[in-house]
Amino acid sequence: MSILVTGATGFIGSHFCVEALAQGLDLVLVDNFENSSEKVLDKIELLTGVKPDFHQVDLRDTEKLESLFKDYSFESVVHFAGYKAVGESSADPLMYYRNNIVGSLNLLEMMKRYEVNNLVFSSSATVYSDPVFNPYTEEHRKLPINPYGNTKSMFEDIMQDYAAANPHFSAVPLRYFNPIGAHPSGEMGEDPKGIPNNLMPFITKVAVGQLKELQVFGDDYDTVDGTGVRDYIHVMDLAEGHIRAIAFAENNTGYTPINLGAGKGYSVLEVIKAFEQQNNTSVPYKVVARRAGDLAQYWADATRAKDLLDWETQLTIEDMVKDSWGWQKKYPNGFNDC
Ligand SMILES: NC(=O)c1ccc[n+]([C@@H]2O[C@H](COP(=O)([O-])OP(=O)(O)OC[C@H]3O[C@@H](n4cnc5c(N)ncnc54)[C@H](O)[C@@H]3O)[C@@H](O)[C@H]2O)c1
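The sequence shown lines up with residues 48 to 385 when you count with the working numbering.
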């Protein structure tokens, strides 16, 4: 029995595939390449020695999706596919609901039709919104403040309702905090199109000389140094968290949301400093006004992941900044250079 992986050639999906194939899991990979490159497949093969079983399928195309479920006998699904840009989701919410909700519903309906009962889903800390208490536990109220966060929260609710109706079903939404880093070989990493929205790819683009300076959005928050504090997690730790979550889903039923984070926050200035020191390079930056919707600080309570998955992060902020830079330095234009 194999595991279906949607969004398999994206940033997190590709690192998961490398780790899971290396551990001998039997994967069937799916992506529509809307936000990723076909070259990722060569990298997965290079890093694992396994030629990935890949199918170009868009989750909104139910016919193609169904033919996949007819051809294979899946035991579990790991669902990474979706859009992820908060700003874009506010500008075009319907596009986000169609892809992240309709696409995910199509997947869940196929799982129901073909009796596939284990679903691990890429959720996000954005489902929580403004902290009532910090760190966030999974019991923290869900109250997203943008359409992207709504899609994650809504699909979690859909999974929960379906798990309540189907006693064999296991729904495990993993609420990621801030994934950064890259494969330690430097052969694979995050490859955003245009100007990055997130801190780490912005830093690496500045360090490699493609952008003039980093914009730091606000230094007057009530935090250690006034800049925003986030819980950063290495993408390889995140990959391992998924492998544990699949095993958990296969041995349990019901709805079990789980935070995947380090349980520790770093400010923007601390991340810049770690990057500069670790990589012996400089990152010019300018402080600009706060960005609408940004929170001052939050991080994960990762106790449930430790208790249920026997998982906790192994890699440090130094590993994260080193590996992010290793990939960017080797391939300044991402997969276009590969
Ligand atoms: N990167 C983060 O900071 C972060 C944080 C929290 C949650 N997440 C979630 O994790 C998941 C993976 O994130 P990522 O950073 O790897 O994003 P990504 O954009 O790199 O990967 C997503 C992949 O899904 C594919 N895709 C999108 N819509 C599709 C569709 N309809 N059919 C088939 N393939 C489709 C894209 O081509 C892409 O390869 C996403 O669901 C995202 O919302 C990401």
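Backbone N, C-alpha and C fix where the C-beta goes; we use that ideal spot for every residue, glycine too.
For residue 187, DSSP assigns no beta-bridge partner whatsoever. Looking at the DSSP output, residue 121 sits in a beta bridge with 49.
Residue 232 and residue 253 have their C-alpha atoms roughly 21 Å apart.
The beta carbon of residue 145 sits no closer than 6 Å to any heavy atom of ligand 1. Ligand 1 never approaches residue 338 closely enough for any of its heavy atoms to be under 6 Å from the residue's Cβ. If you check the CB distance, residue 308 and residue 349 come in under 7 Å. Segment contact: the region 265-273 against the region 206-218, fewer than three CB-CB distances shorter than 8 Å; contact not assigned. In this structure, residue 90 has its beta carbon at no less than 6 Å from each heavy atom of ligand 1.
Look at residue 58: its beta carbon is less than 6 Å from one of the heavy atoms in ligand 1. In this structure, residue 100 lies near residue 75, with their beta-carbon atoms less than 7 Å apart. Shortest gap from the CB of residue 236 to any heavy atom of ligand 1: 6 Å or more. Residue 151 carries a helical assignment under DSSP once its states are collapsed to helix, strand and coil. Nearest Cα to residue 330 within the set 371, 256, 61: 256.
Within the model, the alpha-carbon separation for residue 113 versus residue 181 is close to 43 Å. Relative to ligand 1, the beta carbon of residue 106 is positioned inside 6 Å of a heavy atom.
Sequence-distant partners of residue 224 (beyond 5 residues in either direction) whose C-beta falls short of 6 Å from its own C-beta, in its chain, are 172, 278, 280, 308, 347. The region 50-68 makes no contact with the region 140-147, as fewer than three CB pairs between them are under 8 Å. A Cβ-Cβ separation of about 4 Å places residue 312 in contact with residue 276 under the 8 Å criterion. Between residue 284 and residue 360, the C-beta spacing is below 7 Å. Per DSSP, the continuous beta strand (DSSP E) segment holding residue 281 begins and ends at 279-281. Of all alpha-carbon atoms in 222, 167, 317, 157, the one lying nearest the alpha-carbon of residue 298 is that of 167. A residue is called buried once 16 or more other Cβ atoms fall within 10 Å of its Cβ, and residue 162, having fewer, is exposed.
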